[in-house]
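Numbering (my numbering), first residue to last: 2 to 410.
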């Protein structure tokens, strides 16, 4: 019998045993998407660096337009024109205006821009302003975005496209980021063949190497694949030693069941310690967690669906933690489209397909045998049934954890 832990207890063990590692490197700005900042980014200058117009129109003093209308326009001499990419002529004299394009520099002395549609050009060097504008209208002032010393992006943030835009505005050509943890991926089993080969009788393709590597990379890490390892203790020991020497954590699929194939535990006990063998969850009960020289080794089930859920819950957590982050889970509230039976004593994790139904989402649980990875591929996320619950009826509310933050309507 396995002495099992709950999923929450496993996360607590991971957090207590494996501290964050915050090695730093710098990368080019164009390669920084998805990387985790290792330092706070503060502004070293005003952005924008000058007053700018947000419309095509005329820069002027708002006070010179007070009380004007289409019937009684404010007549102002045209003192010049702002050219994009060049300094504005100026300073602007009271009672005059300057033509300015969208994004153009507003000259000193002007405090507003009137839209082109509200001005008549008389062709004699004067224009008529047909609507009053208040000071500050249609303008972005110097430093409206950021001022020197202001925090722009905090350490620990995983960079998104808009963040790279902010860094570009600051002139940051290279970005300080945390090093990606490297996850070593091993698949064990005499029945496995490479993905590019046709399986023979009793053989299956090695799904887990690609699957687990993708989980590590989606979490922000790198992966190193060590291929298929035979079901022999000596071969597995050599592979784990190699992976531990080259990687920050190791995920091994297969070889974690109780019985004659339980070789992962023996290898880990020889080199470090087994922190747990068994999690009160379905699928994924025979999962192993070990520690060798401060590095985590996850022994995952060979079943691809079980391997995916355990890697998504715990491997993803480890990768994020090693970068000083906490793996986020994005959820959508939904109602079950069908009833679900749960296995008493173990938390149930089931993939779900989300379908919009009026103002709410319906979650259709996976139906079929648990080992069918293509069935899981058709889902948007998963929901959780607590271990002390024997099932949920149709219409019950669940929180569906999304595999990604995007969800089609």
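Built from N, CA and C at the ideal position, the CB exists for glycine as well.
Euclidean distance between Cα positions of residue i and residue j
i: residue 99; j: residue 33; result: 41 Å
i: residue 249; j: residue 173; result: 29 Å
i: residue 51; j: residue 43; result: 19 Å
i: residue 386; j: residue 401; result: 11 Å
i: residue 260; j: residue 178; result: Residue confidence for residue 260 is low, a pLDDT of 49 falling below 50, so the modelled location carries little weight; the figure read from the coordinates is stated next. Going from the Cα of residue 260 to the Cα of residue 178 covers about 44 Å.
i: residue 57; j: residue 66; result: 17 Å
i: residue 297; j: residue 361; result: 41 Å
i: residue 277; j: residue 18; result: 12 Å
i: residue 338; j: residue 396; result: 6 Å
i: residue 27; j: residue 202; result: 50 Å
i: residue 288; j: residue 308; result: 9 Å
i: residue 310; j: residue 241; result: 22 Å
i: residue 128; j: residue 116; result: 12 Å
i: residue 141; j: residue 70; result: 25 Å
i: residue 270; j: residue 290; result: 11 Å
i: residue 263; j: residue 318; result: 25 Å
i: residue 24; j: residue 322; result: 13 Å
i: residue 102; j: residue 162; result: 28 Å
i: residue 49; j: residue 144; result: 5 Å
i: residue 110; j: residue 30; result: 37 Å
i: residue 367; j: residue 199; result: 28 Å
i: residue 225; j: residue 214; result: 7 Å
i: residue 64; j: residue 83; result: 21 Å
i: residue 136; j: residue 38; result: 39 Å
i: residue 146; j: residue 184; result: 39 Å
Per-residue DSSP class, three states only, for residue i
i: residue 126; result: coil
i: residue 323; result: helix
i: residue 402; result: strand
i: residue 260; result: Below a pLDDT of 50, predicted positions are generally treated as unreliable, and residue 260, at 49, falls in that range; the measurement from the model is reported next regardless. Reduced to three states, the DSSP call for residue 260 is coil.
i: residue 119; result: helix
i: residue 215; result: helix
i: residue 354; result: strand
i: residue 391; result: coil
i: residue 157; result: coil
i: residue 314; result: helix
i: residue 99; result: strand
i: residue 75; result: strand
i: residue 61; result: strand
i: residue 265; result: helix
i: residue 250; result: strand
i: residue 374; result: helix
Residue i: first and last residue of the uninterrupted beta strand (DSSP E) it sits in
i: residue 10; result: Careful: residue 10 lies outside any beta strand (DSSP E), inside the alpha helix (DSSP H) at 8–18.
i: residue 382; result: 382–386
i: residue 223; result: 223–230
i: residue 337; result: 332–337
i: residue 220; result: Per DSSP, residue 220 belongs to no beta strand (DSSP E) and is neither H nor E.
i: residue 30; result: Taken as a continuous stretch (DSSP letters only), residue 30 belongs to no beta strand (DSSP E), as it is neither H nor E.
i: residue 364; result: 361–366
Start-to-end residues for the alpha helix (DSSP H) that takes in residue i
i: residue 164; result: 162–170
i: residue 305; result: 305–311
i: residue 234; result: 234–247
Residue of the options minimising C-alpha distance to residue i
i: residue 335; options: 364, 314, 311 and 341; result: 364
i: residue 76; options: 214, 124 and 46; result: 124
i: residue 237; options: 300, 152 and 217; result: 300
i: residue 164; options: 319, 312, 41 and 189; result: 41
i: residue 313; options: 142, 383 and 72; result: 383
i: residue 218; options: 320, 357, 195 and 87; result: 320
i: residue 171; options: 354, 103, 24 and 150; result: 150
i: residue 211; options: 186, 230, 235 and 234; result: 186
i: residue 194; options: 182, 184 and 208; result: 208
i: residue 404; options: 398, 394, 389 and 379; result: 379
i: residue 36; options: 90, 160 and 55; result: 160
i: residue 95; options: 85, 88 and 80; result: 80
i: residue 121; options: 86, 220 and 78; result: 78
i: residue 293; options: 54, 265 and 355; result: 265
i: residue 254; options: 393, 302 and 228; result: 302
i: residue 180; options: 388, 21, 231 and 393; result: 21
Proximity test, residue i beta-carbon vs the ligand PLP heavy atom, cut-off 7 Å
i: residue 290; result: Summarising the ligand content, the structure contains no ligands, and the ligand PLP is consequently not present.
Sheet register partners of residue i (DSSP bridge)
i: residue 25; result: 179
i: residue 210; result: For residue 210, which the question treats as bridged, DSSP gives no partner whatsoever.
i: residue 194; result: 206
i: residue 43; result: 152
i: residue 138; result: Answer is none; residue 138 lacks a bridge partner.
i: residue 292; result: 274 and 297
i: residue 189; result: 230
i: residue 286; result: In the DSSP output, where bridge partners are listed per residue, residue 286 has none listed.
i: residue 342; result: 392
Chain B within 8 Å of residue i, Cβ atoms only
i: residue 271; result: Protein chain content of the structure displayed is limited to a single chain, and chain B is not contained in it.
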